[in-house]
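Colleague: Encoded as structure tokens, here's the structure I'll be asking about.
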Amino acid sequence: MTIQISEIAKLPTCFGEFNIQSFKENDKEHLCIFKGKLDKEVNVRIHSECLTGDVLGSLKCDCGEQLEFSLKYIQEHGGMVIYLRQEGRGIGLFNKINAYALQDKGFNTIEANHQLGFKADERSYEIVDFILKYYEISKINLLTNNPEKLSSLKEKVNLRIPILVEANRFNRDYLEIKHTQMGHLN
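Below is the structure:
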């Protein structure tokens with residue numbers, strides 16, 4: 002696996018000032034957005050790209066709210082958001098839109114993925130290990146509700162910081178499925 006690493010640049014945002022750096026892995030360009038000193042133990046959010054939630058403000062998921070919560074938390078307490086380019090839990094934007102269409106017909110998020118020939122979650126977190134080693138981070142306080150992320154990084158996780166977002170009428174069933182069928186924590 003060949004990974005290219007960009008320079009570090011400053012990124013002023015509506016949440017405050019951050020530093021930003023990109024890690025190019027084959028055709029995927031991941032981002033690290035960070036603030037403060039990156040010690041051996043760092044607050045970290047691993048966030049998978051969600052164009053509809055992060056950029057368009059979709060209410061079908063909680064991704065945009067999770068990213069906003071994380072950026073505010075990192076701005077206040079220091080740490081890093083690792084933004085992974087694995088749209089739609091790893092199935093890509095095109096397939097995600099097709100999954101949305103199936104959800105409009107009554108399938109839940111997991112059933113829709115299965116109808117398209119995918120697992121409920123196709124994401125990989127291998128690049129995260131590389132990124133943490135690059136920054137010499139040995140222990141993390143992981144901002145997540147996802148047990149898969151905890152499991153994939155178990156030897157590095159010092160503690161879990163829950164991400165608190167409110168359900169709405171459009172994502173209530175989606176969040177319930179994530180909790181009951183995918184084991185997401187509160």
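Quick note on our numbering: the sequence shown kicks off at 2 and runs consecutively. Ideal Cβ positions, reconstructed from N, Cα and C, are used throughout, including at glycine. These numbers were taken from a predicted model, which means no experiment stands behind them.
Is Glu26 near Ile4, with beta carbons less than 8 Å apart?
Modeller: Counted from its first residue, the sequence shown places residue 26 at position 25. Counted from its first residue, the sequence shown places residue 4 at position 3. Yes, they are a contact pair.
Colleague: Grab the span of the beta strand (DSSP E) containing His78 for me, first residue to last.
Modeller: Indexing the sequence shown from 1 puts residue 78 at position 77. No beta strand (DSSP E) holds His78; the alpha helix (DSSP H) holding it covers Cys64 to His78.
Colleague: For Met81, which beta-bridge partners are listed by DSSP?
Modeller: Start at 1 with the first residue of the sequence shown, and residue 81 comes out as number 80. Phe35 and Val45, per the DSSP bridge assignment.
Colleague: Would you say Ala121 faces chain D, with C-beta separation under 8 Å as the test?
Modeller: Although the question refers to chain D, the structure presented lacks it and comprises just one protein chain.
Colleague: Would you say the segment 70 to 80 touches the segment 106 to 125, given that touching needs at least three Cβ pairs under 8 Å?
Modeller: With the cut-off at 8 Å, the segment 70 to 80 and the segment 106 to 125 do not touch.
Colleague: So, Leu154 versus Arg46, is the Cβ gap smaller than 8 Å?
Modeller: Within the sequence shown, the letter at position 153 stands for residue 154. Within the sequence shown, the letter at position 45 stands for residue 46. No, the Cβ-Cβ distance between Leu154 and Arg46 is not below 8 Å.
Colleague: Would Leu165 be called buried (16 or more neighbouring beta carbons within 10 Å of its own) or exposed?
Modeller: Along the sequence shown, read from residue 1 onward, the residue named residue 165 stands at position 164. Answer is exposed; the Cβ neighbour count stays below 16.
Colleague: Just to confirm the assignment, what range does the beta strand (DSSP E) spanning Glu26 have?
Modeller: To locate residue 26, count along the sequence shown from 1; it is residue 25. Residues Gly17 to Glu26.
Colleague: State the DSSP-derived secondary structure class of Leu186, mapped to helix, strand or coil.
Modeller: As a working note, residue 186 is residue 185 in the sequence shown. Reduced to three states, the DSSP call for Leu186 is coil.
Colleague: Restricting to runs no shorter than 3 residues, where is the beta strand (DSSP E) found entirely within the segment 99 to 173?
Modeller: Within the segment 99 to 173, the complete beta strand (DSSP E) runs of at least 3 residues are 140 to 144 and 158 to 162.
Colleague: Can you give me the start and stop residues for the alpha helix (DSSP H) that Glu88 sits inside?
Modeller: Along the sequence shown, one-based indexing puts residue 88 at 87. Looking at the DSSP string, the run of the alpha helix (DSSP H) that includes Glu88 is Glu88 to Gly91.
Colleague: DSSP three-state label for Thr3, please.
Modeller: The count along the sequence shown starts at 1 and reaches residue 3 at position 2. Looking at Thr3 - three-state DSSP - the assignment turns out to be coil, as it is neither helix nor strand.
Colleague: With hydrogens ignored, establish whether the beta-carbon of Ile111 is closer than 7 Å to any heavy atom of the ligand COA.
Modeller: Absent from the structure shown: the ligand COA. Ligands present: none.
Colleague: Kindly indicate which residue of Ile6, Gly54 and Gly17 has the alpha-carbon position closest to the one of Phe171.
Modeller: Numbered from 1 along the sequence shown, position 170 holds the residue referred to as residue 171. Out of Ile6, Gly54 and Gly17, Gly54 has the C-alpha closest to the C-alpha of Phe171.
Colleague: What are the residues that DSSP puts in a beta bridge with Leu12?
Modeller: For the purposes of this step, residue 12 is identified with residue 11 of the sequence shown, where counting begins at 1. DSSP lists Phe19 as partners of Leu12.
Colleague: Is the distance from the Cβ of Phe24 to the Cβ of Ile128 below 8 Å?
Modeller: Numbered from 1 along the sequence shown, position 23 holds the residue referred to as residue 24. Numbered from 1 along the sequence shown, position 127 holds the residue referred to as residue 128. Contact: yes.
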